[in-house]
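Reading through the structure tokens given below for one structure.
Chains as they are written, first to last, in my numbering: chain A, -12 to 328; chain B, -12 to 328; chain C, -12 to 328; chain D, -12 to 328.
And the structure:
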């Protein structure tokens, strides 16, 4: 038996990655891929790599599509998910949203960062945060999954166990991340043309990036605190895929590399998609390229008493589409790595 | 009248950049370029772009070369500068060293980071730190110039005025830098071949990088303190040239963007090679590519009370060879930008 | 039941790609991976992406390894295959060689291009050329497979059917190919470090490249001629993976785009790994990136009466490791695409 | 005394390169830079690298601008040059057009390739082709210069002397060129965003590219023939700057490498901006990066009797803006390399 999956917003990079994964997923069958712009065209018009497939883009007629799917993965631009999620949920379809629309539990934070009231606050409560290594149990019964974002995934996985174990202080955390250009989506805009990105590395969104409250929310949850404030500084780097996050935290008294190793072993020793490197090594985006793995390195700086952690993911796989499929596998009782190796 | 310049160690990337600059410098004449490996070969064998030139690499016969030059620029690997500098200085030649050999004023720090006693501690005292925007007056009479390193230049220029004006705390500073691959020199080693660097971004030297004490020394000097401790975390990024440093510092009470602007204006308003962007913008390596400029952006994060500064240089120009020529121009009373526009 | 596979020379890029494919191949089991340099180390030391795996490099003890494998894939440097192939074949192991050692049927040509007598001419006769779209039937019973090279695969697939159908002249063919840097292997040499390759595009091996006789041999075979002479001009391009070959041929009288389409349809209409684009379009390396597909575009230039064909493959997949596994699947009666989707 | 120069269409990549060159040109003074979109903005808004400059974009008010300039360089999109050139010429301004608008001497060819009558055929006659190494004498008195295109420059310089000397046949010439992405202009379009270009190499415009008739025109002129037909196949490569053209031609009887060397020496031995490599070597885009040089390599393939030539330029310098300045220097009696070293 195969899960019937509909992909909404399938013509972007996250959509392409979803198709790549789902087409070789042994227990998934794609029943619809939507794209307003490309409706009626074969998938190979937009992504020649899928020429063998006879999939065709259709308009996002939610009601009709809902009749013929068990799971819907939403790879839509920000702000559109609610309008799709409601009819899908009403029809009994499990919804996996790759956008940021349902990730914040606080309506206030949503308003602060998006300058608008959330269109469906009741869904915020219903949504399970789609980061399996942190919320696996809840995901097993989730109807609506707000898949963790790319920067957040690379920031939360390496820090949450350390915060939970009180090895690091929740105050004064600095996260400096670098992302490949697909992180900006398949956006046709001057800053993203090749000659503007090549030989260019720059910070952006230095204050108040929209991924910030999501990271703070999950770090606070891990630390058992109502709220924490950090600095998150994203950068654009001249590569297609990959995020490296370098995180500097105050070490709590008595912290050693051995203790960090223990905490990580306990948290991730049996995880298939987290790779903790031996102490003092650093993660590298190339080792997670087109994989669903998060690679973590850690070190301790005695002269400033800081724990320094690095973490790499592929922003389109573990940071988006791979994570959605991992969540879907969990929700439908499939082996978690199905389609992801 | 032209200054006669000898370049020692001219077959690496800093050497190539020196030649590019000096060959169009209206008041410099190259009298010798040394390379043990390429001695006897025309410069165009190693760098075809200089085919028009009739320069030829020679062995580094210091005594002989010293007879025919006013200035020597050393672009040698770490640890070799002393042996060249002494005879050159004895012959009255002004020496501009691009390596890190004379940058630390403290013998102890040198020993701590290089695991060896400094071979000529008296030269450490004699050397002037080659960062014109900070030490212009001293450079006018310097015999031995220890040109500032690439990461240090990008870290010190944006922070020193703020530290001196007490706008930021000297404690808890975090510097996260990304460098292009020429920063590693023209080194033939597995991690630097194209397929290993492309689509790769990673931190390295996370604890105890050799540029750390140099950065701390100059930040402490700016802050008027005997010593400070910071975190400096370099990364390798898939590009040829450029360093971006993102720096997070605690704001002192009452700091505003306007005050930061004022301090920068005072420090750099009349500098030819520092470009301070309007508030809230971020620097970009592509805008300093193959220039001698340091581009600085600044911002203030109210929710954590941090000043966030970004800074970009071309590691081979302002971070090495351009800086050496700028220092040389100052020492010889030439217009500072000669050859550098 | 799983095929037991040994990989000889597993620490290069073709080796890495083989492991990536075989580790998710449902009917293959890796029983040995050899590397003199890394013997005794876990695979993850060299390729962190395989951390989950407990594979370990071993020394290439052929006799012992032959006892425990059905298939051996040789990803060794040129000139070493014979010494491995003989004992493996004697032990009844099927051998798939990724090197060029057994690809030329003519000893004379071998001597001309390799400046040495072939060490085992009898194996040259025994070897089947490993290009499934041309030699599928022979591969079903082959003991020794000389997998087609990367440039040859991208040159032969688009031209063979046109030559066989006499739509193009076998005289005066020009092949201009561009390859990503992994095509040079995991070679640590100055021309391959990042700053030397980035922003660099250049031809090399313009006359007498070692892949030339292989391409000519197979074009001649397709044309039904004893021999033909072409121009093959490889270039190095700043990317990791991918070959684009652009091929210019004299059109025979009466050739039309429709006739070309027909011939391709007949040749490749039912092939899983050849994608022929609609007329007048051109292939793109990005659409075959990390796939086993060869993408072909074709056009007709009336003003010079030339057929112009473009063809893209991923040099490590269809150009090396993917092709080897495709051949292995055929030899062992498995579905041809197993492990390759 | 300085030449007053106006740049029309200064906000694209050719415009940026013109400003980079002219700002350090000792005998040029920029009196106007136009951009409809950016009129009223300081140049540093668009190109932060020029922050020091107080230039400001203005609307292209030709009549007014013509009052205050000796030379106008047009870096406009195709089809607009006539409307600017006429009033400028009437006002006695020397016009250097970087577009393709005046490059074809034949109105018929223009119509064939641009699907429109040329708006000012009399200007086609007046225009001198702006390739100094071929038309230096005519340029000295030209009022209107049609600067040679990027692909044409890289194709004509290496072939013209060989055709003129009858060392190669004018029939059956194949030119395969690869260009960096700035060759497409500063165009905001899906195919040019970073993730679409990176790891992508593809041919385009395989039949009937608009640079084809320009190349054929100049090759025919060199060969002393009314017309010739060649194949010109451009490719897009993942780099910012640079064109490599690889050219395959039939050798005429008796041609040797020595004869080719002689012909090149005679043609280019005293040229400052053409570098002919020793026999059998190949050109490399990185060695002409940000220079005005054309680097040429040549070889002879005995087994097919072909002369194979490779040629590299920087498409924005020798292929556009550098060439325009070189032509301007010639026209105004300045040293030809002024501003270009």
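Positions of the beta carbon are idealized from the N, C-alpha and C atoms, including for glycine.
Predicted model only: the values in this text are computed from it and were never measured.
Burial is judged here by how many other beta carbons sit within 10 angstroms of a residue's own beta carbon; residue 228 of chain A has at least 16 and is buried.
Around the beta carbon of residue -12 of chain B, fewer than 16 other beta carbons lie within 10 angstroms, which makes this residue exposed. Interface annotation, residue 290 of chain C: in contact with chain D, CB-CB separation under 8 Å. For residue 165 of chain B, there are no neighbours in chain C by C-beta distance under 9 Å, as the nearest C-beta there is about 14 Å away. In the three-state scheme derived from DSSP, where H, G and I count as helix and E and B as strand, residue 322 of chain C is classed as coil.
By the neighbour-count criterion, in which 16 or more other beta carbons inside 10 Å mark a residue as buried, residue 23 of chain A falls on the exposed side.
Spatial neighbours of residue 141 of chain A in its own chain (CB-CB distance under 6 Å, excluding positions within 5 residues in sequence) are listed in chain order as 230, 232, 298, 300.
At a cut-off of 8 Å, the C-beta of residue 38 of chain A has a neighbouring C-beta in chain C. The three-state reading of DSSP puts residue 24 of chain D in coil, since its state is none of H, G, I, E or B. For residue 328 of chain D, the nearest CB of chain B lies under 8 Å from its own CB, placing it at the interface with that chain.
Residue 165 of chain B places its beta carbon 8 Å or farther from that of residue 184 of chain A.
At a C-beta separation below 9 Å, residue 259 of chain A has these neighbours in chain C: 39. The alpha carbon of residue 45 of chain B has as its nearest neighbour, out of B:60, B:34, B:27, the alpha carbon of B:27. If you keep only unbroken beta strand (DSSP E) runs of at least 3 residues inside the region 223 to 247 of chain C, you get 230 to 237. Contact between the region 249 to 259 of chain D and the region 183 to 199 of chain C is absent: fewer than three C-beta pairs spanning the two stretches fall below 8 Å.
Among the CB atoms of chain D, one or more fall inside 8 Å of the CB of residue 35 of chain B. Boundaries of the beta strand (DSSP E) harbouring residue 286 of chain D: 281 to 288, taken from the DSSP string. Residue state for residue 191 of chain C is assigned as coil, using DSSP reduced to three classes. As DSSP reads the structure, residue 83 of chain A sits in a beta bridge with A:60, A:132. Cβ proximity to chain C below 9 Å picks out 271, 273, 274, 275, 276, 277, 278, 280, 282 from the region 271 to 284 of chain A. Below 8 Å, too few C-beta pairs join the region 215 to 229 of chain A and the region 237 to 246 of chain A to call them touching: fewer than three.
Across the region 161 to 188 of chain B, CB contacts with chain C closer than 9 Å involve 167, 168, 169, 171, 173, 174, 175, 176, 177, 179, 180, 181, 182, 183, 184, 185, 186, in sequence order along the chain. Not a single C-beta of chain A is nearer than 8 Å to the C-beta of residue 228 of chain C. Around residue 92 of chain B, the same chain offers 111, 204 as residues with beta carbons nearer than 7 Å, after the five sequence neighbours per side are excluded.
With respect to the 8 Å criterion, residue 133 of chain B and residue 57 of chain B are not classified as neighbours on the basis of their beta carbons.
Within chain C, the C-beta atoms nearer than 8 Å to that of residue 262 of chain A come from 35, 38, 39, in chain order. Taking the beta carbon of residue 191 of chain A as reference, the chain B residues within 9 Å of it are 269, listed in sequence order. Contiguous beta strand (DSSP E) elements confined to the region 99 to 181 of chain B occur at 115 to 117, 131 to 134, 161 to 166, taking only those with 3 or more residues. For residue 17 of chain A, DSSP records a beta bridge to A:-8. Contact between residue 31 of chain C and residue 10 of chain C does not hold, since their C-beta atoms are separated by about 12 Å, which reaches or exceeds 8 Å. Around the beta-carbon of residue -1 of chain C, 16 or more other beta-carbon atoms lie within 10 Å, marking it buried. By alpha-carbon distance to residue 86 of chain D, the top candidate from D:66, D:139, D:244 is D:66. From the beta-carbon of residue 121 of chain A, no residue of chain C is found nearer than 9 Å; the closest lies around 20 Å away.
Per DSSP, reduced to three states, the secondary structure at residue 43 of chain B is strand. Interface flag for residue 242 of chain C against chain D is unset, since no Cβ pair is found closer than 8 Å. The three-state reading of DSSP puts residue 218 of chain A in strand, counting E and B together.
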